[in-house]
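As structure tokens, the structure follows; a few thoughts come after it.
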Amino acid sequence: MKLSGVLFFPATPFDPRGEVDPSVLREHITTGLAHGPGGVFAACGTGELTSLSEREQALVVRTAVEAASGEVPVFAGAGGPLGTALHHARAAAEAGADGLLLLPPVARGAVDGLSAYVAAVAEVGLPVVLYQRAPLVLESSTVVELAGIPGVVGFKDGLGDMDRMQRIVLAVRAALGEREFTFFNGLPTAELTQPAYRAIGVDLYSSAAFSFVPEVATAFARALPAGTPVATELLTRFYAPLAELRSRVPGYAVSLVKAGLRLRGVAAGPVRAPLTEPSPEHLAELSRIVDAGLGVVRDAA
């Protein structure tokens with residue numbers, strides 16, 4: 051499956067009782083689709099997969115598929131213990147999702163065990179994108195082996211080790227030849243490092259910012275390949291300050307997205323424990339960053 055454009059990772063809204071709110075989620079996804087993302091990745095990292103029950107993951111994915119209505123591919127988050135990952139995969143297939151983003155398993159094992167884990171999930175029948183992030187750090191030879199499993203179609207990098215990623219890209223492309231295989235940058239503020247990923251042949255990236263400032267994310271996506279000053283302005287005034295704020299508290303990669311949605315009038319609710327809400331000072335700073343990013347977009351229009 052060929053993906054293109056900015057990849058949209060929606061948050062999972064919770065209502066005042068702490069339950070998943072499908073109506074707000076549907077509106078959130080519909081609003082994002084109006085800005086032309088290349089795909090929707092529901093119940094993934096930004097969607098707080100690790101805090102969702104199996105029932106809730108199924109509800110989120112089903113809602114995303116219904117909201118997308120075939121306009122773009124919908125990938126569902128899956129992961130955790132093998133039994134949970136299989137439940138996630140089967141629920142996604144039943145909901146009509148187009149593929150899976152497979153998060154690292156909880157237990158660590160040898161390469162053979164990881165291959166068996168990935169193969170079991172792929173046997174459900176949906177295309178699988180592997181997600182490398184701590185604590186799963188893979189050698190290029192391991193990625194080649196995993197990429198050879200039927201149904202594995204892509205690799206998302208959440209580490210940012212450019213030396214390792216370049217070796218992985220070269221090794222997999224050499225091993226697979228003409229077979230289509232998708233790589234993308236999956237760092238929390240991917241736009242900040244996307245110039246470096248483009249230099250090693252990885253043009254696709256996920257965008258947490260798209261979830262709450264799609265205007266900024268789409269403006270950057272247009273400006274970067276065109277080499278216009280807007281890209282540098284957004285990196286300087288929006289993405290770098292956002293990454294700096296994100297780095298201050300563990301879990302802010304998700305907490306700031308939900309806070310940004312609330313700042314923009316979306317009833318996304320709070321994050322679930324063990325994630326924490328931004329402090330009042332950090333909320334004020336986030337508001338200034340959002341205003342700065344939107345200001346760059348308005349000035350460029």
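Residue numbers for the sequence shown follow this note's numbering, beginning at 51 and rising by one.
Note that beta-carbon positions come from the ideal geometry of N, C-alpha and C, so glycine has one too.
Measuring alpha carbon to alpha carbon, tell me which residue in Ser-73, Arg-322, Ile-79, Val-280 is nearest Gly-345. Val-280
Starting from Asp-211, follow the alpha helix (DSSP H) in both directions and report where the run begins and ends. From DSSP, Asp-211 is part of no alpha helix (DSSP H); its letter is neither H nor E.
Helix, strand or coil for Phe-231 per DSSP? coil
Could you tell me the distance, in whole angstroms, from the CA atom of Ala-139 to the CA atom of Asp-349? 44 Å
So Thr-96 and Phe-59 are in contact, right, with Cβ under 8 Å, and what is the actual spacing, rounded? 4 Å
For Leu-150, count neighbouring Cβ atoms within 10 angstroms of its own Cβ and tell me buried if that reaches 16, exposed if not. buried
Out of His-85, Val-161, Thr-62, which one is the CA nearest neighbour of Phe-91? Thr-62
What separation, rounded to the nearest whole angstrom, lies between the Cα atoms of Arg-246 and Met-212? The identity of residue 246 in the sequence shown is Ala, whereas the question assumes Arg. Distance between the alpha carbons of Ala-246 and Met-212: 8 Å.
Element boundaries [beta strand (DSSP E), containing Asp-207]: It spans 202-207 - the beta strand (DSSP E) in which Asp-207 sits, taken as one unbroken run.
Shortest alpha-carbon distance to Lys-206 belongs to which of Val-307, Ile-199, Leu-186, Ser-191? Leu-186
Would the stretch 272-290 count as touching the stretch 76-83 if we require 3 or more Cβ pairs under 8 Å? Contact fails: fewer than three Cβ-Cβ distances are below 8 Å.
Within the stretch 135-186, note down every full beta strand (DSSP E) run reaching 3 residues or more, in order along the chain. 149-152, 178-182
How long is the line joining the alpha carbons of Phe-288 and Leu-333, rounded to whole angstroms? 15 Å
Starting from Phe-262 and walking both ways along the beta strand (DSSP E), at which residues does that stretch end? In the DSSP assignment, Phe-262 falls outside any beta strand (DSSP E) and within the unbroken alpha helix (DSSP H) covering 259-262.
Report the partner residues of Phe-58 according to the DSSP bridge assignment. Beta-bridge partners assigned by DSSP to Phe-58: Val-90, Ser-257.
With a threshold of 16 other CB atoms inside 10 Å of the CB of Arg-229, please say whether the residue is buried or exposed. exposed
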